[in-house]
Amino acid sequence: MAQARGEPSVLLDATAIPADRGGVGRYVDGLVGGLDRIGFPVTVACQPHDADVFTALAPGARVVPVPARLRSRPLRLAWEQTGLPVLARRLRVDVVHSPHYTVPVAAGRPVVVTLHDATFFTDPALHGGLKQRFFRTWTRVALHRAAVAVVPSAATVAELERCAGADPQRLAVAHHGVDLSRFHVPDAAGRAAVADRLGLGDRRWIAFLGTLEPRKNVPELVRGYVRACAGTDDPPALVLAGAAGWDEAIDAAVAAVPAELAVLRPGHLPAGLLPGLLGGAELVAYPSLGEGFGLPVLEAMACGAAVLTTRRLALPEVGGDAVRYVEVDAGSIADGIAALLASPGERARLGDAARARAAGFTWEATARVHRDAYRRAAGTDRSRA
Numbered sequence: 006m007a008q009a010r011g012e013p014s015v016l017l018d019a020t021a022i023p024a025d026r027g028g029v030g031r032y033v034d035g036l037v038g039g040l041d042r043i044g045f046p047v048t049v050a051c052q053p054h055d056a057d058v059f060t061a062l063a064p065g066a067r068v069v070p071v072p073a074r075l076r077s078r079p080l081r082l083a084w085e086q087t088g089l090p091v092l093a094r095r096l097r098v099d100v101v102h103s104p105h106y107t108v109p110v111a112a113g114r115p116v117v118v119t120l121h122d123a124t125f126f127t128d129p130a131l132h133g134g135l136k137q138r139f140f141r142t143w144t145r146v147a148l149h150r151a152a153v154a155v156v157p158s159a160a161t162v163a164e165l166e167r168c169a170g171a172d173p174q175r176l177a178v179a180h181h182g183v184d185l186s187r188f189h190v191p192d193a194a195g196r197a198a199v200a201d202r203l204g205l206g207d208r209r210w211i212a213f214l215g216t217l218e219p220r221k222n223v224p225e226l227v228r229g230y231v232r233a234c235a236g237t238d239d240p241p242a243l244v245l246a247g248a249a250g251w252d253e254a255i256d257a258a259v260a261a262v263p264a265e266l267a268v269l270r271p272g273h274l275p276a277g278l279l280p281g282l283l284g285g286a287e288l289v290a291y292p293s294l295g296e297g298f299g300l301p302v303l304e305a306m307a308c309g310a311a312v313l314t315t316r317r318l319a320l321p322e323v324g325g326d327a328v329r330y331v332e333v334d335a336g337s338i339a340d341g342i343a344a345l346l347a348s349p350g351e352r353a354r355l356g357d358a359a360r361a362r363a364a365g366f367t368w369e370a371t372a373r374v375h376r377d378a379y380r381r382a383a384g385t386d387r388s389r390a
């Protein structure tokens with residue numbers, strides 16, 4: 006696909022994206038595909054195992070695999086500061102886009118950076134000490150060096166202004182999108198595939214999707230599940246799907262679950278099973294302590310799920326009036342779970358409302374905000390080479 010005359014050429018550094026796509030990986034995939042569909046293809050630097058992925062997502066994009074040795078995080082970070090500027094010069098691009106906090110400090114041309122949240126400032130206790138210091142430092146560097154910082158929500162703008170002194174004139178809000186061809190109401194076969202994979206048989210389930218890190222508030226979810234379901238007839242299982250994180254309190258919470266209840270931790274599930282997991286659940290529970298966006302909530306909504314979440318940070322921007330809100334403590338979570346389990350009609354109403362609202366979040370809309378950010382960056386002199 007030919008790029009419109011006069012548009013800036015952009016090099017997007019996707020080398021930090023793991024093969025198992027978490028939230029940032031799904032953002033980059035969605036953005037690259039969205040840019041291609043609106044006629045603004047970019048050059049994507051990526052790991053060799055992702056070359057075919059990006060070629061399929063964006064046939065008009067130029068895909069440049071980096072050396073395989075850059076899978077090592079220290080080597081990749083060193084390459085970002087040295088090899089990425091060299092690549093940008095060799096390819097003669099106008100703008101570099103760094104989609105995950107860190108930026109090349111001497112890029113030689115304007116940089117656009119994506120800052121996904123500000124919880125390293127607002128809730129530092131939720132992150133390990135080294136990780137907290139790393140991301141706080143790089144957020145400040147990125148805000149200083151980048152021509153434009155793209156953020157996924159108005160809530161993140163407010164937090165970056167308050168905590169990091171960000172200039173709102175150099176921030177651009179681009180809500181994430183959802184791919185409705187991947188996240189949709191599942192059919193019976195899709196639900197059965199999840200039940201078979203998890204060994205649930207005919208048992209119902211409540212779903213959670215996300216990295217098992219302290220910010221996701223999983224121990225309180227487990228305790229709320231126990232309060233809502235212990236002693237009830239035919240209690241659903243609780244499925245905690247997602248990559249293993251660093252929340253050391255989860256093991257103790259799960260160990261205290263009564264024998265008649267079941268908490269499953271299947272780890273990272275294939276993308277093809279996610280509609281069945283989310284849309285096939287009695288409800289999806291995501292009682293996060295704070296999100297820069299909350300992509301699992303949007304994806305669950307697209308699958309027609311009744312979603313239970315919190316009003317922390319950006320989550321109301323995603324859920325609107327199509328989800329049920331609770332506080333972050335186990336008692337409030339339990340009340341929300343119990344109320345939804347007792348009301349099939351309310352679950353159906355929320356599922357319908359969620360699908361309608363999710364349809365308004367598209368990767369093409371995300372891409373248009375990024376296109377405007379690239380245009381703004383190309384017209385500035387903030388490369389600071």
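Going by our numbering, the sequence shown opens with residue 6, and the numbers climb by one from there. Every residue, glycine too, gets a C-beta built ideally from N, C-alpha and C. What you are looking at is a predicted structure, and each value in this text was computed from that prediction instead of being measured.
- When the five nearest sequence neighbours on each side are left out, the beta carbons in the same chain lying within less than 7 Å of the beta carbon of Leu80 are those of Arg74, in order along the chain.
- In this structure, the CA atom of Gly350 is about 12 Å from the CA atom of Glu287.
- Taken in chain order, the complete beta strand (DSSP E) segments of 3 or more residues contained in the region 204 to 234 are 210 to 214.
- Within the model, the alpha-carbon separation for Ala50 versus His105 is close to 14 Å.
- With a threshold of 16 other beta carbon atoms within 10 Å, Gly299 meets it and is buried.
- Using a Cβ distance threshold of 8 Å, Gly284 and Gly309 count as a contacting pair.
- When Leu303, Trp368 and Ala83 are compared, the shortest CA-CA separation from Ala361 is found for Leu303.
- DSSP places Val91 in the uninterrupted alpha helix (DSSP H) bounded by Arg78 to Leu96.
- Contact check for Lys221 against Gly215 passes: the beta carbons are separated by less than 8 Å.
- One alpha carbon belongs to Ala364, the other to Leu185, and they sit about 8 Å apart.
- DSSP places Cys168 in the uninterrupted alpha helix (DSSP H) bounded by Ala159 to Ala169.
- When beta bridges are read from the DSSP output, Pro70 appears opposite Cys51.
- Just measuring C-alpha positions, the residue of Asp25, Ala63, Ala311 and Val118 sitting nearest Arg42 is Ala63.
- Between the alpha carbons of Ile211 and Ala307 lies a distance of about 17 Å.
- In the structure shown, the three-state DSSP call for Ala310 is coil.
- Restricting attention to Ala305, Tyr291 and Asp357, the CA atom closest to the CA of Tyr330 is found in Tyr291.
- Scanning its chain for C-beta atoms nearer than 7 Å, with the 5 sequence neighbours on each side dropped, one finds around Gly39 the residues Gly182, Trp368, Glu369, Thr371 and Ala372, in chain order.
- In this structure, Leu266 is the residue among Leu266, Thr314 and Gly247 with its C-alpha nearest to the C-alpha of Asp239.
- For Ala382, the closest C-alpha among the options Ser103, Pro191, Gly277 and His121 is that of Ser103.
- DSSP links Thr119 through a beta bridge to Val155.
- Per DSSP, Gly299 lies in no alpha helix (DSSP H) segment and is marked neither H nor E.
- Ala258 sits buried, since 16 or more C-beta atoms from the chains shown fall within 10 Å of its C-beta.
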